[in-house]
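Data block below; observations after.
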Amino acid sequence: MSAVEDITKNLAEIGFEDVKLKELSKNAKLLNILQPLLNLVDKKGELPKTVRNSIYNLAVLFNKDKEQTLPLELISNKKDLISYILNNYFVTENLNNNNSVTLEEIYLFITNNGNDNDTLKSNDFPKNLEKQAGINLNLSDSDINEKITKYLNETIKDELIEKRYTLAPKIYAEVRKLDDLKFCNFGDLKKIIDAKVAEILGPKDERDAPKPKVKAPKAKKANNDNKKINKKEEEENHRNMFTEGFLGDLHKVGENPQLYPDTLKKHLEFTKGLVHTRFPPEPNGFLHIGHSKAIMVNFGFAAYNNGHCYLRYDDTNPEAEEQKYFDSILNMVHWLGYKPWKITYSSNYFDQLYQFAIKLIELNKGYVCKCSADEIKRNRGVDPVTGQPGGERRACEHRELPISWHLEEFKKMHDGVYQPGEAILRMKQDLQNPSPQMWDLIAYRVLNATHPRTGDKWKIYPTYDFTHCIVDSLENITHSLCTTEFYLSRESYEWLLDQLHLFRTAQREFGRLNITGTIMSKRRIAKLVNSGVVRDWNDPRLFTLESLKRRGFPPSAILSFINTLGVTTSTTNIQASRLETAVRRYLEETVPRLMLVLDPIEVCIDNLDDDFELDCELPYKQGNDEFGKRTVKFTNRVYIDRSDYSENADDKSFFRLTANQPVGLLKVPKVLIFKSVEKDTDGKITRIHVNYDTESTVKKPKTYIQWVSNKSSIPVKEVRLYNQLFKSENPAALSSEDFLKDINPNSEVILKSALIEDNFKEVVAKSPIVTESLKKQDFYVSETTSASGNERIRFQAMRTGYFCLDYDSTDNEIVLNRIVELKN
């Protein structure tokens, strides 16, 4: 037996697991440091995992310190001191919670102190050690809060207000240097810091979006006009979200580390070096604007690298799944211009997942637990009433029962012996790990529900934590891209795959996209629908993808917008107005113009005969011949918007029609000169009389306005003007009752008397209008598929806004939605 085998055998007796032993067997230097440290421990036999891990991490510090060239000699010279520390602090599990910082200070104490006897006999030992290493340090929550608040208000507040959230890394680093705070758990500190910073700055907005780096233009070379630009150089200079930031830094296929090299070989044989991603929504609700980023990240990253992306329905919760959600999800993926390489379902793998669960039990890494929900919380150190973590964590009474018992109980779960809540299958992970994702997660639970695809075949269903990583591996996903809320799940994700000897797919996390002034909660949207505040889940005031589609947001505009934001690991909080600006900018270049009068008032041109007609030619888009032209008939009776006439003739800021001021009609040769008005009994103007300036007495009016003719206009049943649904910028922060009080009463304004020029019919017939310049855009999406409908009939109502045809329209009735207003 080799020396390495001897040491690993000893480590196995102490309790080191096979996975760790396999890693250590490849690192003889570390093994040779770990063994003499363990020899200094008085306690024999198996050591608790926390003790093993602490000694192992101390060995790592000895191994990596470049200043200490002879770590074995150091351990030998300081063995009495090290032995005292190991037996009085490590074995007794009397170390600080922030173990890594404490261990570093212990290591420094060992290396910086001289003779063992002098140190051990010192009157200040072990007080000096405990102070330096933060052992037995008791800081209350109020102490921590006070130190952080004082630092923010007295030391860095001015700089924080100036630099906002970009200063966060500096704050994290400096707070950890304050007195004893470096020994506190960084996750706990970060939560307090983030909350305090948010109190000072408010929520993140566009000011906190990462600013793209702008390269200085290169100097032009002589005769540059006569040289062709190198195509490769041009492509490199054309940056996008897939070449920089989070996505640009991702590993290449096959570069992510594996515990078992044989799994990588099989993986590469399947993928052939191509990127394989997946978009895995749960079919229990409609997708929202945040999902558009996830769709673009997964489908777009695969497409950019000539790879493949699955659409995988994560259908492991039959109680909430409905076919309408399956259908809507696929429609939204198609609407955004993506086509799944394969459409799969987690339920496709239920048989395999069940066998993997049995294997986990056989490996003594899974067990059936019959504890109540409150008992599980208490065992995890969480108060079941207050939800406060931090208590003692301990194994449940079933955890160490024989494997045969767990196999038998799991079969009973499978056979329907137990009701929901009576038994679950849990993973046997590491209850002393600081991450909650390692506290024996649930793998299977009993559900008495009919599954949309498997019917009543199963009485037990796997959880997300069990299913997701295994199916990623089975489908040979190269990059499992998800939002940062799953960051802690990476450890349990990789743990489970390693236990089952499966290919370790690389989970990587990016920041999610949030739009302020909106809500995304399925429960709250359902409340809005059920209470009649909105029409349905696709109401244009919501930010579900179905809603944005109905409102008329072009899919290309959404993709272009996400691309401009880029992809980082930080959550992106964007004001709704910024998204609307991006949509407006896109529509400005891509839709035709028409004349729409929202609140029409009849104008009688008294000096023109009833049979007078003049064909006025207008371009569908000024300056772009690709859109073509149309003709509008000018007659002696036209309609203008009520807001384009004012009875206050002395208002110098009003440039349209008044008693003293003529006005021009778009593309009509002469101006209209006011004569008189007619009013009803309530004093409301019903008709305006004017003369057509046939003598050209007015050379040029102050402005031109839109109009429609009585002979060439179409009535519009409804024009729906949409504004922000909520009055506040953060309705999600309000209680479930108060958020309904935050509804903007003017979020939808309906006009029922509008008129539109009859060329609208031609726009409908030609829509979607696709020009050559549109096809050249980076994120152009064809809307000629079945995923598109009335919403692709879009136009700019001149001087009014951008509109689309609503689903409520029929062949005989027009209903229009305002997409966005014109630029203010």
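So the sequence shown is residues 1 to 824, counted in UniProt numbering. The beta carbon of each residue, even a glycine, is placed where N, CA and C say it ideally should be.
First and last residue of the alpha helix (DSSP H) that includes residue i?
i: A649; result: It is not in any alpha helix (DSSP H) - A649 carries neither H nor E in the DSSP assignment.
i: D641; result: Taken as a continuous stretch (DSSP letters only), D641 belongs to no alpha helix (DSSP H), being part of the beta strand (DSSP E) at R637 to D641.
i: D615; result: That residue, D615, is in no alpha helix (DSSP H); its beta strand (DSSP E) goes L614 to P619.
i: G421; result: Run containing G421: none; DSSP gives neither H nor E here.
i: P126; result: Here P126 belongs to no alpha helix (DSSP H), and DSSP marks it neither H nor E.
i: V60; result: K49 to K64
i: L740; result: D738 to K741
i: N39; result: A28 to N39
i: N530; result: K522 to N530
i: N563; result: P555 to L565
i: E757; result: Unbroken run through E757 is the beta strand (DSSP E), L755 to E757; no alpha helix (DSSP H).
i: H267; result: P261 to T271
i: I161; result: K157 to K163
i: Y493; result: S489 to Q499
i: G245; result: G245 to G248
Put residue i into one of helix, strand or coil per three-state DSSP.
i: K675; result: strand
i: Y780; result: coil
i: C469; result: helix
i: G517; result: coil
i: P715; result: strand
i: E748; result: strand
i: A320; result: coil
i: Q355; result: helix
i: G187; result: helix
i: Q432; result: coil
i: residue 827; result: Limits of the chain in this structure are 1 at one end and 824 at the other, which puts residue 827 out of reach.
i: V583; result: helix
i: K629; result: strand
i: A506; result: strand
i: T8; result: helix
i: N364; result: coil
i: L596; result: strand
i: P452; result: coil
i: V668; result: coil
i: A219; result: Residue placement at A219 is flagged as unreliable, the pLDDT there being 47, under the threshold of 50; the coordinate-derived value follows with that caveat. Three-state result, A219: coil.
i: T590; result: helix
i: Q706; result: coil
i: I403; result: helix
i: I14; result: helix
If I follow the unbroken beta strand (DSSP E) through residue i, where does it start and stop?
i: I605; result: P600 to I605
i: I295; result: From DSSP, I295 is part of no beta strand (DSSP E) but of the alpha helix (DSSP H) over I289 to I295.
i: S140; result: Where S140 is concerned, there is no enclosing beta strand (DSSP E), given that its DSSP letter is neither H nor E.
i: I82; result: First-last for I82: K79 to I85, but that is the alpha helix (DSSP H), not the beta strand (DSSP E).
i: L21; result: Taken as a continuous stretch (DSSP letters only), L21 belongs to no beta strand (DSSP E), being part of the alpha helix (DSSP H) at D18 to L24.
i: H276; result: H276 to F279
i: S480; result: H479 to T483
i: residue 866; result: With the chain covering only 1 through 824, there is no way to say anything about residue 866.
i: L311; result: H308 to Y313
i: K339; result: K339 -> no beta strand (DSSP E), and no H or E assigned at all.
Quick one: what's got a C-beta closer than 8 Å to residue i's C-beta in the same chain, skipping five residues either side?
i: E13; result: G45 and E46
For residue i, write down the residues that DSSP places opposite it in a beta bridge.
i: I460; result: V446
i: C369; result: I424
i: C804; result: R794 and N817
i: N573; result: N514
i: E174; result: In DSSP, E174 forms no bridge with anything.
i: K182; result: For K182, which the question treats as bridged, DSSP gives no partner whatsoever.
i: L721; result: V749
i: R687; result: E602 and E678
i: F634; result: L614
Is the CB of residue i under 7 Å away from at least one CB in chain B?
i: I171; result: The question asks about chain B, but that chain is absent: this structure has only one protein chain.
If you drop the 5 nearest sequence neighbours on each side, which residues of the same chain put their C-beta closer than 7 Å to that of residue i?
i: S292; result: L336, L545, I558 and I562
i: F612; result: T635 and N636
i: Q777; result: S556
i: Y260; result: H501
Among the residues of its own chain, which have a CB less than 6 Å from the CB of residue i, if the five just before and after it don't count?
i: N256; result: A506
i: L608; result: N636 and Y692
Do the stretch 308-319 and the stretch 273-288 touch if we need at least three Cβ pairs shorter than 8 Å? Using a Cβ-Cβ distance cut-off of 8 Å, the stretch 308-319 and the stretch 273-288 are in contact, since at least three pairs of beta carbons, one from each stretch, lie closer than that value.
Three or more C-beta pairs below 8 Å linking the stretch 301-310 and the stretch 493-501: These segments do not touch.
Does the pairing of the stretch 727-740 with the stretch 688-708 give three or more beta-carbon distances under 8 Å? The stretch 727-740 makes no contact with the stretch 688-708, as fewer than three CB pairs between them are under 8 Å.
With three or more beta-carbon pairs closer than 8 Å as the criterion, would you say the stretch 29-39 touches the stretch 53-60? Touching, yes.
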